[in-house]
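Visitor: Let me begin by handing over the structure; questions about it come next.
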RNA sequence: GUCUCCUUCGUCUAGUGGUUAGGACACCGGGUUUUCAUCCCGGCAACAGGGGUUCGACUCCCCUAGGAGAUGCCA
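Numbering (this note's numbering), first residue to last: 87 to 595.
Shown next as structure tokens:
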């Protein structure tokens with residue numbers, strides 16, 4: 087890899103997207119840094135990039151921004167692959183999907199950044215800075231204390247003489263390269279979503295670092311160099327990047343490169359209106375997986391964060407989104423992540439899920455909870471709990487009564503309203519007789535028999551079934567009773583009813 | 001502090017000068033039902049405020065307020 091003249095990719099001679107023809111050759115990228123787990127906000131950004139590309143017949147590229155070797159985390163890298171594999175989102179070019187602009191790890195493109203930095207140095211758009219981290223730190227401390235107007239680097243090394251530099255290099259042989267932010271003028275660009283955004287150059291970060299002392303680039307440099315060399319046509323990223331876009335504009339200008347089209351997506355917030363973070367709930371995709379969300383629910387919900395198709399439709403498959411996505415329908419305002427609505431989507435997808443697949447998805451959750459159930463049992467249980475689950479993680483608690491004893495419950499739970507213990511005892515004693523052959527009978531038939539029993543005991547059906555339900559499941563809330571007993575087995579049910587009777591009797595003393 | 005962006009029901013949103021401001025989640029009622037859930041019906045609830053422009057503003061412009069983000073040898 088020898089920078090712009092290296093083999094493998096051409097950093098300097100990237101073909102600029104043709105003006106007025108931008109949608110003809112759409113190339114977008116998602117550029118995560120492997121420093122942490124994939125955040126749901128990042129997923130949203132990736133999704134929108136992917137959909138944008140797909141809807142326009144363009145290419146979606148994955149680029150790993152691993153220029154911070156101190157925070158690099160290989161689990162985080164794996165998490166990127168796992169996350170998108172789970173979602174079913176694939177890139178056209180990326181680390182594991184070779185393309186014309188390989189490599190797709192920034193750490194492997196280092197030479198091109200060094201070359202780019204040198205180009206800027208030569209053109210007079212950048213300079214070497216010998217200030218130590220310590221000095222910068224104390225500078226920052228001073229500035230924040232004395233609420234001074236100017237924040238940031240004080241440009242001490244901006245106008246060094248050759249002599250100064252030679253001298254300083256002896257003390258610090260590892261200078262950084264800083265951008266020479268113009269003091270006058272403006273940086274203006276046309277955001278696809280936001281329209282014209284203008285910033286005075288003097289308000290832009292004063293001389294940010296482009297090349298670190300370890301010769302790795304900062305985000306600003308690497309991002310611009312790669313977007314250019316990879317012929318990225320559109321940059322869709324979260325609005326938190328908006329402030330640094332002005333700087334990027336200046337960099338494109340300094341390199342004399344054509345700019346991609348920018349589109350700054352609204353951010354994803356927590357309930358309190360702050361950037362979505364751990365204290366709001368799950369934020370990493372893997373947590374959503376672990377809680378039992380289906381990928382299609384996550385995709386569907388997240389797609390609707392800052393985007394809407396029309397005034398009524400809200401269910402979409404990935405394939406449909408690929409067709410319908412339209413950047414013109416993007417919203418500008420930040421969106422609050424609503425876990426409740428995600429649950430609602432997920433419940434819908436669970437209900438619509440094919441039983442075979444659902445069984446497969448559900449099994450690990452059940453097993454992890456220590457429930458010993460055969461595949462057949464689970465299969466039979468499925469229809470009973472399917473429409474009661476919002477998340478797969480709820481399966482174990484819905485099925486809990488199948489394993490070991492039912493949850494312990496107070497004897498009072500057995501007694502329906504307006505009834506007493508002895509009355510309830512009579513009910514349960516009557517119920518025992520109906521247990522025989524219950525499994526073989528249809529629900530309708532069973533219901534008839536219990537109804538008859540209720541009449542005989544001069545009470546309502548509910549007052550017969552509720553004590554039985556509590557006796558069998560340990561709870562007033564359960565999946566349909568007859569089906570549950572069928573799963574449990576008549577014998578086990580009988581034992582539980584007897585246990586319940588004991589409870590009631592000891593209550594009477 | 002400075003800069004930038006944002007502002008329709010609690011939340012996600014539709015709306016592109018003339019609408020009883022629509023839908024969804026949540027919530028509250030009611031119905032179906034062996035509990036719960038599902039399902040069905042109904043209800044509550046919004047254009048941040050002030051100026052313009054216009055015959056007419058949620059829609060266009062300005063200001064104010066509020067919110068958010070950025071201000072690193074992190075991305």
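Heads up, the beta-carbon is just placed ideally off N, CA and C, and yes, glycines get one too. Since this is a predicted model, take the numbers as computed values, not measurements.
Can you give me the C-alpha to C-alpha distance between residue 118 and residue 165, rounded to a whole angstrom?
Guide: Residue 118 and residue 165: Cα-Cα distance of roughly 11 Å.
Visitor: Could you tell me if residue 354 is buried or exposed, where buried requires 16 or more neighbouring beta carbons within 10 angstroms of its beta carbon?
Guide: It is buried - the Cβ of residue 354 has at least 16 other Cβ atoms within 10 Å.
Visitor: Starting from residue 276, follow its DSSP beta bridges and name the residues at the other end.
Guide: According to DSSP, residue 276 bridges with 282.
Visitor: Quick check: what's the CA-CA separation for residue 253 versus residue 261?
Guide: One C-alpha to the other measures close to 12 Å.
Visitor: Given this structure, state the Cα-to-Cα distance separating residue 474 from residue 566, to the nearest angstrom.
Guide: Approximately 11 Å, taken between the alpha carbons.
Visitor: Which two residues bound the contiguous beta strand (DSSP E) that contains residue 147?
Guide: Residue 147 -> beta strand (DSSP E) spans 145-148.
Visitor: Taking 8 Å as the cut-off, decide whether the C-beta atoms of residue 203 and residue 123 are in contact.
Guide: Result no, Cβ atoms of residue 203 and residue 123 do not sit closer than 8 Å.
Visitor: Report the three-state DSSP secondary structure of residue 475 (helix, strand or coil).
Guide: Residue 475: coil per DSSP, three-state reduction.
Visitor: Would you tell me roughly how many angstroms separate the C-alpha atoms of residue 181 and residue 206, rounded to the nearest one?
Guide: Going by the C-alpha atoms only, they are around 28 Å apart.
Visitor: Report the rounded CA-to-CA distance for residue 386 versus residue 427, giving the unit in angstroms.
Guide: Using only the alpha carbons, I get a separation of about 11 Å.
Visitor: With DSSP collapsed to three states, give me the class of residue 265.
Guide: If DSSP states are grouped into helix, strand and coil, residue 265 belongs with the strands.
Visitor: Can you tell me where the beta strand (DSSP E) holding residue 214 begins and where it ends?
Guide: Taken as a continuous stretch (DSSP letters only), the beta strand (DSSP E) holding residue 214 covers 212-215.
Visitor: Grouping DSSP H, G and I as helix and E and B as strand, with all else coil, what is residue 351?
Guide: Residue 351: strand per DSSP, three-state reduction.
Visitor: Report the option in 169, 237 and 583 whose CA atom is closest to the CA atom of residue 516.
Guide: The candidate whose alpha carbon is nearest that of residue 516 is 583.
Visitor: Looking at the secondary structure, which residues open and close the beta strand (DSSP E) in which residue 305 lies?
Guide: Run containing residue 305: none in the beta strand (DSSP E); it sits in the alpha helix (DSSP H), 305-315.
Visitor: Identify the continuous alpha helix (DSSP H) that holds residue 387 and give its terminal residues.
Guide: Per DSSP, residue 387 belongs to the alpha helix (DSSP H) from 381-389.
Visitor: Residue 154 to residue 296, Cα distance in whole Å?
Guide: Cα to Cα, the separation comes out at about 13 Å.
Visitor: Since I believe residue 562 is in contact with residue 555 (beta carbons under 8 Å), could you give me their beta-carbon distance rounded to a whole number of angstroms?
Guide: Confirmed, about 7 Å.
Visitor: To the nearest angstrom, report how far apart residue 280 and residue 442 are at their CA atoms.
Guide: Taking the straight line joining both Cα atoms gives about 46 Å.
Visitor: Any idea which residues DSSP pairs residue 416 with across the strands?
Guide: According to DSSP, residue 416 bridges with 393.
Visitor: Looking at C-beta atoms only, is the number of pairs between the stretch 272-290 and the stretch 235-247 that lie closer than 8 Å three or more?
Guide: The answer is no - the stretch 235-247 does not touch the stretch 272-290, with fewer than three Cβ pairs under 8 Å.
Visitor: To the nearest whole angstrom, what separates the beta carbons of residue 115 and residue 148, a pair I think is in contact under 8 Å?
Guide: Confirmed, Cβ separation roughly 7 Å.
Visitor: Using the three-state DSSP reduction, which class does residue 199 fall into: helix, strand or coil?
Guide: DSSP places residue 199 in helix when its eight states are reduced to three.
Visitor: Would you mind working out which of 250, 347, 406 and 259 sits nearest residue 113, comparing C-alpha positions?
Guide: Cα-wise, what sits closest to residue 113 is 347.
Visitor: My guess is that residue 120 and residue 158 are in contact by the Cβ rule of under 8 Å, so how many angstroms apart are they, rounded?
Guide: Confirmed, Cβ separation roughly 6 Å.
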